[in-house]
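Student: Next up is a structure, given as structure tokens.
Numbering (this note's numbering), first residue to last: 140 to 305.
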């Protein structure tokens with residue numbers, strides 16, 4: 140598994156970003172029984188950076204906490220079926236890894252939401268990472284029932300990793 144992490148901000152996190160990205164990312168993929176080695180790009184940006192992307196890709200002109208850009212379309216969430224004729228579009232030819240997608244996380248929102256929710260910055264970052272990874276695995280929360288499934292999975296994954304609200 141390869142998780143590329145780029146911090147475009149000057150924010151310093153009180154934990155190693157790469158370690159949390161990797162442990163949470165792998166935790167989600169294990170939960171989803173992903174049959175492939177994957178590649179995910181994670182970019183940590185600021186209010187301005189995420190607002191621009193939110194406006195460009197979603198037509199919403201405001202900051203958000205995380206954006207997910209899945210490379211795959213899922214017929215059913217968490218079911219990794221890739222047509223053999225399309226493999227060249229979804230796998231890195233050098234590593235053979237599945238190009239799962241990209242994640243953009245707002246550092247400003249991580250710190251703000253951690254403060255507002257009364258838990259650690261590490262817990263907030265891990266939560267957003269788990270949330271976004273589930274999006275890359277085909278989950279959504281457009282319907283209330285879908286949101287409840289995502290919330291349950293996020294909490295279970297973080298609990299297994301020992302990243303709880305503290």
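The beta carbon of each residue, even a glycine, is placed where N, CA and C say it ideally should be.
What is the rounded straight-line gap between the Cα of residue 144 and the Cα of residue 181?
Tutor: Looking at the two C-alpha atoms, the distance is approximately 5 Å.
Student: Pairing CB atoms from the segment 170 to 178 with CB atoms from the segment 221 to 241, are three or more of them under 8 Å?
Tutor: The segment 170 to 178, when compared against the segment 221 to 241, does touch it at the 8 Å Cβ threshold.
Student: What number of angstroms, rounded off, separates the C-alpha of residue 203 from the C-alpha of residue 227?
Tutor: Residue 203 and residue 227: Cα-Cα distance of roughly 33 Å.
Student: What are the start and end residues of each continuous alpha helix (DSSP H) run of 4 or more residues lying completely inside the segment 140 to 207, in chain order?
Tutor: As far as the segment 140 to 207 is concerned, its whole alpha helix (DSSP H) runs of at least 4 residues are 156 to 170, 186 to 197.
Student: Do residue 268 and residue 189 have their beta-carbon atoms positioned less than 9 Å apart in this structure?
Tutor: No, the pair does not count as a contact, with Cβ atoms beyond the cut-off.
Student: Do you know how far the Cα of residue 292 is from the Cα of residue 224?
Tutor: Spanning the two alpha carbons is a distance of roughly 32 Å.
Student: So residue 239 is in the beta strand (DSSP E); what residue range does that whole segment cover?
Tutor: Residues 237 to 245.
Student: Out of 161, 185, 244, 201, which one is the CA nearest neighbour of residue 142?
Tutor: Out of 161, 185, 244, 201, 161 has the C-alpha closest to the C-alpha of residue 142.
Student: Can you tell me the Cα-Cα spacing of residue 209 and residue 257, whole angstroms?
Tutor: The alpha-carbon atoms of residue 209 and residue 257 are separated by roughly 30 Å.
Student: Round the Cβ separation of residue 150 and residue 246 to the nearest angstrom and send it over; I've been treating them as touching at under 8 Å.
Tutor: Right, their Cβ atoms sit about 4 Å apart.
Student: How close, in whole Å, do the beta carbons of residue 183 and residue 148 come, if the pair is a contact with beta carbons under 8 Å?
Tutor: Right, the Cβ-Cβ distance comes to about 6 Å (below 8 Å), so this counts as a contact.
Student: In three-state terms, what does DSSP make of residue 266?
Tutor: Of the three classes helix, strand and coil, the one that applies to residue 266 here is helix, per DSSP.
Student: Return the residue from the list 214, 165, 154, 187 that minimises the CA-CA distance to residue 270.
Tutor: Checked all of 214, 165, 154, 187; the closest Cα to residue 270 is 165.
Student: For residue 250, which of helix, strand or coil comes out of DSSP?
Tutor: Note: residue 250 maps to helix in three-state DSSP.
Student: Go ahead and pull the three-state DSSP assignment for residue 229.
Tutor: Here residue 229 sits in helix by DSSP.
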